[in-house]
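For the record, the sequence lines run as chains R and X. Just so we're aligned, residue 628 is where the first sequence starts under the working numbering, counting upward by one. Just so we're aligned, residue 628 is where the second sequence starts under the working numbering, counting upward by one. Don't be surprised by glycine CBs; every beta carbon is placed ideally from N, CA and C. Accompanying notes for the structure given below.
Number of protein chains: 2
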Amino acid sequence: MAKITTREKDYSQWYIDIVLNAKLADYAPVRGCMVIRPNGYAIWEKMHQALDGMFKETGHVNAYFPLFIPESFMKKEAEHVEGFSPECAVVTHGGGKELEEKLYVRPTSETIIWSMYKKWIQSYRDLPLLYNQWANVVRWEMRTRLFLRTTEFLWQEGHTAHETYDEAEVEALKMIRVYQKFAEEYMAVPVIVGKKSDSEKFAGALHTYCIEAMMQDNKALQAGTSHHLGQNFAKAFEVTYQDRTGQQQFVYATSWGVSTRLIGALIMAHSDDQGLVVPPKLAPTHVVIIPIFKSDEEKKAVCDAAYQIKSEISSQGFRVNVDDRDQFKPGWKFNEYELLGVPLRIEIGPRDLAAGVCTLARRDSGEKTTLPLTEVSSRISGLLDDIQSGLFLRAKARMESHIFNADTYAELEDIVKNEKGFSRSHWCGSPECEAKIKDATKATIRCIPLDEPDESGECVVCKKPSVKRVLFSKAY
Amino acid sequence: MAKITTREKDYSQWYIDIVLNAKLADYAPVRGCMVIRPNGYAIWEKMHQALDGMFKETGHVNAYFPLFIPESFMKKEAEHVEGFSPECAVVTHGGGKELEEKLYVRPTSETIIWSMYKKWIQSYRDLPLLYNQWANVVRWEMRTRLFLRTTEFLWQEGHTAHETYDEAEVEALKMIRVYQKFAEEYMAVPVIVGKKSDSEKFAGALHTYCIEAMMQDNKALQAGTSHHLGQNFAKAFEVTYQDRTGQQQFVYATSWGVSTRLIGALIMAHSDDQGLVVPPKLAPTHVVIIPIFKSDEEKKAVCDAAYQIKSEISSQGFRVNVDDRDQFKPGWKFNEYELLGVPLRIEIGPRDLAAGVCTLARRDSGEKTTLPLTEVSSRISGLLDDIQSGLFLRAKARMESHIFNADTYAELEDIVKNEKGFSRSHWCGSPECEAKIKDATKATIRCIPLDEPDESGECVVCKKPSVKRVLFSKAY
C-alpha cells in the first residue's frame, strides 16, 4: 500500500507522496527535471485540449518557433535579458564544433517570435497576429519541486501583435479571463484575478495580469499570467507597420501562458490524505467499476454486469474502466483508485447482483449509495456535475474564509508569517513598503485584485494614503 | 500573386516556393531551424490527432521525458553514441555556471527513457510498458531543408518494454503497420513497408522497419521507422525483470517515430504547380466559399446564401470558411485557396443565386460543376471521400509505374542515377555490394520489402545468389 503523509503532519511531504504514489511524475536523472508519467500526462492532455479549444474560440491559431534563441536576441530587450539570462541553459557546441554564437534554450519565446514578426508584419492589414504555441521551456531553477517549479516544463505561450495600446490591453485582459474561466470551470479552482505590482511583473512587460489560487496550506500559487508588453519588443526588434494613415508605427504586443504547474495547483487544491482528487472535467477516467468475486463462476456473473454498465456509461461519452484483475483484492483496488482520484467508483458483488443493485462511491466526499443496476447509468452525468461544482464551491468557501482584511502591519504579519491565509491590506504603491514586508515576512503582493472595489485607507507600512487593498501572501 | 516555380523547371525550388508561399513554414534565424507557421502547424495538429488516436487504440499511453540527456547516458550504448553523438547540440552552462556534466539536447530519447525504466520495471507484472511521447528533438544537420531535414523538428517517439524477443518483434511490426495505415489512409501516400539493411538501420537497433514513399521527382522519402532494439538498451542501463519462473532477465525494447517531415512528404506527394494539395482527412479547412459581388446589395444577397451553405456543411462536421473580404477580387481568392490546398471551393455570384445554383471546384482535378444550391451540402461528404481516395489511387499508380525490375547493374544505374524511379533488384546481402552501388550512384537500399515474395536471382553487383529483390533509390 502506498503510504501518504497526512497534510497536517507535513504538507510538503504529503504533496510529494501524492505525486510519486499516484505515479503522476518522477524525478529525472537531470538536475531539477521531472518525468511526467502517463497518469500525470493524461491530466495535462485534458488541460491542453480544453485550453486549446478556448484559445481557438477566441480567434487564436497555433504555430511553432525554435527551441534555440541566439544570445544576441536575448540581449535586445534590456529588462528581459536581466530577468531571464541568469536562469538560462546555454548551448555552446553543435555538430561537434564550438558555435560562433551561443544559443539559449528558450526560457520564454518573445525574442525569437518578435524576430519573425519583423518579417511578417508590414501593414495594419497584417494585424492582429493571434498566435499561440505549445512547447517546452527551460529555466535553471535553484529550488525545484515536481510540477510546481522544474528546470524544464511544458506550457503554452500566446504571443499577439496589435495596432494599438488599447487593442493589446483588451487582449491581455481577455486572456487572463480565459485562464480564470479554465481554472474555475475545469480545474474547479477559484482564483483571484489581478495585476502584479511592478516588482513582480514579467521582465519586459508594461504590466502583468495574473490569476492567483490558494492552496490547502493557505499559501498562494500563481496559476497563469498575461502580459501587456507595450512596444518594448517591437522596438527591440524594430517591428513597425504602416498604419491606416500611412505612418510607420511600432507594433503593440501581449504574451500569456500557463504551464504544467497547473497540475501541481490541481493536486494541492483538492486532494486529501487518501490521495489525488481530480475534477471530472479533467479526469482521464471518470468511473471505475470493481467487480467483487471469489469464484470463477461469481467472476463471470459480476463481470458481465460490470461490462454491461460500462457500455451504458461509455455510450454517454464518459471514460470508464472495469478492473477485473484477479491478483488484487477489492479493498486494495478501492484504495488504489482513491489514490488515483477517479471521481466515481462502482462496486458490484454477487449479493448485489442477486438484489439487482450496486454500490456507488464518490471520491470527493467518500459518500456511498446503493442503487438499482437499472438506474446507475442515468445517474452518472448528474453525479459528475455535482462533484465538479461541489469541488469548486468547497474550494471557494475555503479560500474566502482564509482571506482576512488586515489593517495594521502586525495583523498582516500574523496572517502571512503564520500562513493563516491571504492578507487583504492597504498599500501605498511604493516598492519600498512592498520590499519591507517581503524581507520581514517572505510574503509578496500576489496581486492588486481587479474585481474588488476601490477603498480609501492607509498603507500598513508607511501609513501614506492608499486607494485599494492588495493581497499579501507567501507563495509557491 | 505568389510565384511558384514549376516542378519541371526546378523541383527543389518548386517545393520551397510552396512551403514559403502557402505560409507553411519559414526559415528561422537559427542555423537549420524552421518556424512552423499556422498553416503548416494546422496540418501537424491533424496528423497528431489521427496518429495519437491510433496509438491509443493499440494500447499506448503518452508520457513526457526530459529534453536534456547527461553525456554519460549517451555513451552507454556503443552504437548509439557513435551514431548520434556527432549530431548533438550540447549544453555546457546552466544558471550562469559551467555544468559538471555536459547535457545533450535529445536527438532521440532511448537513453533517458531506459534510465527511468530501470526504476519502474522489476517484474513481468510491470510489462509491457507501451509509452509514447510527443516532443521536439535536435539533430545538428549539415544540409537542411524545410520540414524534410531541420536541426530541430517535432515528432512522436514510442518506447516500449517487453518480456520477450517475440513480443517486441510483434510490437515493432504492429507499429510500422500503424504508420502504413496512417500514410495511406490519412496522407493518401502509398508506401512500401520493409526492413532496412544493416548499414541503414537505427544506431542501437537489432533491425529497423520502415515505410518508404516515392515523391513526384521519383526519389524516395523515409516516412517512418520502427526499431526492434533487442536487449541493447536494457543491458546498457541494467534493466532486468523477474520473469514468470523467478529468473532475472533483460527487458526487450522497441522504439518508433514519425516527425514533421511527414508534412514535407505530403507536399511532395500531391501538390502541383498551382500550390499545395491537402487530402481532406488532414485538411485544416475542407471547403472555402467565395461570394462574388460588385455592390453592397449583391454582397448581402450572396453572403446570406454563402453563410447558409456554410452552416449546412459545418453541421455535418466539416470545416468551412467563407471569404467575403472586400479588398481581394474573386480571381485572387481562387488562386489563394488553390495555393493553400483547400480541397473544395464553392463560388456563388448574383446570377448563380438568381438561377438557384453555385459552382463547385475540386482542388485535386480542377474540375468545376454547377449544382443546385439545395443539393450542395448533401454532396460534400461524397466529394471529399472521392478526393481522398482519388489522391491515393493517383499516387499509387504513379509509384507503381515508377518501380522497375532491374536485373543488371547497368539497368539499375540508369534508373537510379537518372532518377527514373525505384530499382527493384537482386542483392546478395553484403554491405560491400551495397556500398559499391551507393558510391557510384548515390542510391541506397531503401528497404527489403516485407510484402513481396521471395525470388531467386543474382546480385546485380557480384552475381552471387540472392533470395529477394530489394529497392534502390536516391532519397531525401
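Chain R has no Cβ within less than 8 angstroms of the Cβ of X/L967. Secondary structure note for R/T996: it is in no alpha helix (DSSP H), and the uninterrupted beta strand (DSSP E) holding it is 995-999. Using beta-carbon distances, X/W883 does not count as an interface residue toward chain R, since no partner is under 8 angstroms. Annotation for X/E784: the continuous beta strand (DSSP E) segment containing it runs 779-789. Under the three-state reduction of DSSP, X/E1085 is assigned to strand. Every beta strand (DSSP E) of 3 residues or more that sits fully in the stretch 791-867 of chain R is shown, in chain order, as 819-822, 834-841, 847-857.
Around R/P918, the same chain offers V929, C930, A933, D951, I975 as residues with beta carbons nearer than 6 angstroms, after the five sequence neighbours per side are excluded.
Ranked by Cα distance from X/L1077, the options X/T867, X/R1096, X/D825 are led by X/R1096. Among the residues of the stretch 927-956 of chain R, those with a Cβ less than 8 angstroms away from any Cβ of chain X are Q954, in the order of the chain. Taking the Cα positions, R/L1098 is about 14 angstroms away from R/S826. Less than 8 angstroms divides the Cβ of X/P906 from the Cβ of X/L1018. Taking a beta-carbon distance threshold of 8 angstroms, R/D753 does not count as an interface residue toward chain X. Listed by position along chain R, the residues whose Cβ is nearer than 7 angstroms to that of X/I663 are A690, Y691. Nearest to X/K702 by alpha-carbon distance, out of X/I739, X/K745, X/L726, is X/I739. Residue pairing by DSSP places R/A677 in no beta bridge whatsoever.
In the three-state reduction of the DSSP assignment, R/R1051 falls in the strand class, which pools E and B.
In summary, X/A896 is buried, with 16 or more beta-carbon neighbours lying within 10 Å of its beta-carbon over all protein chains present. At a cut-off of 8 angstroms between beta-carbon atoms, X/E790 makes no contact with chain R. Put simply, of X/K927, X/G722, X/V885 the residue whose alpha carbon is nearest the alpha carbon of X/K808 is X/V885. At the C-beta level, X/A677 and X/Y813 come within 8 angstroms of one another.
Nearest in C-alpha terms to X/K673, of all of X/I890, X/Q901, X/V1087, is X/I890. Within chain X, no residue has its beta carbon less than 9 angstroms from that of R/V915; the closest one is some 16 angstroms off.
Residue state for X/C1060 is assigned as helix, using DSSP reduced to three classes.
Take R/K1065, set aside five residues on each side of it, and the residues of its chain with a beta-carbon closer than 8 angstroms to its own are T1071, in chain order.
X/L1077 carries a coil assignment under DSSP once its states are collapsed to helix, strand and coil. Using a Cβ distance threshold of 8 angstroms, X/P693 and R/A655 count as a contacting pair. Within the model, the alpha-carbon separation for X/T1068 versus X/S1052 is close to 14 angstroms. Residue nearest to X/A863 within the set X/L757, X/C1055, X/Y879, X/E1002 is X/Y879 (criterion: CA-CA distance).
With contacts defined by Cβ atoms closer than 8 angstroms, R/E939 and R/S1004 form a contacting pair.
In this structure, X/G686 and X/L757 form a Cβ contact; the two beta carbons are roughly 5 angstroms apart against a cut-off of 8 angstroms.
Measuring C-alpha to C-alpha distances from X/E1046 to each of X/V914, X/N845, X/L781, X/S712 identifies X/N845 as the nearest. In this structure, X/P697 and R/V657 form a Cβ contact; the two beta carbons are roughly 6 angstroms apart against a cut-off of 8 angstroms. Below the 7 angstroms Cβ cutoff, chain R contributes no neighbours of X/H1053, its closest Cβ being approximately 38 angstroms away. Of all residues in the stretch 637-657 of chain R, only D653, A655, P656, V657 come within less than 8 angstroms of chain X when Cβ atoms are compared, listed by chain position. The Cβ atoms of R/F961 and R/E704 lie no closer than 8 angstroms to each other. Within the DSSP secondary-structure output, R/T738 pairs in no beta bridge.
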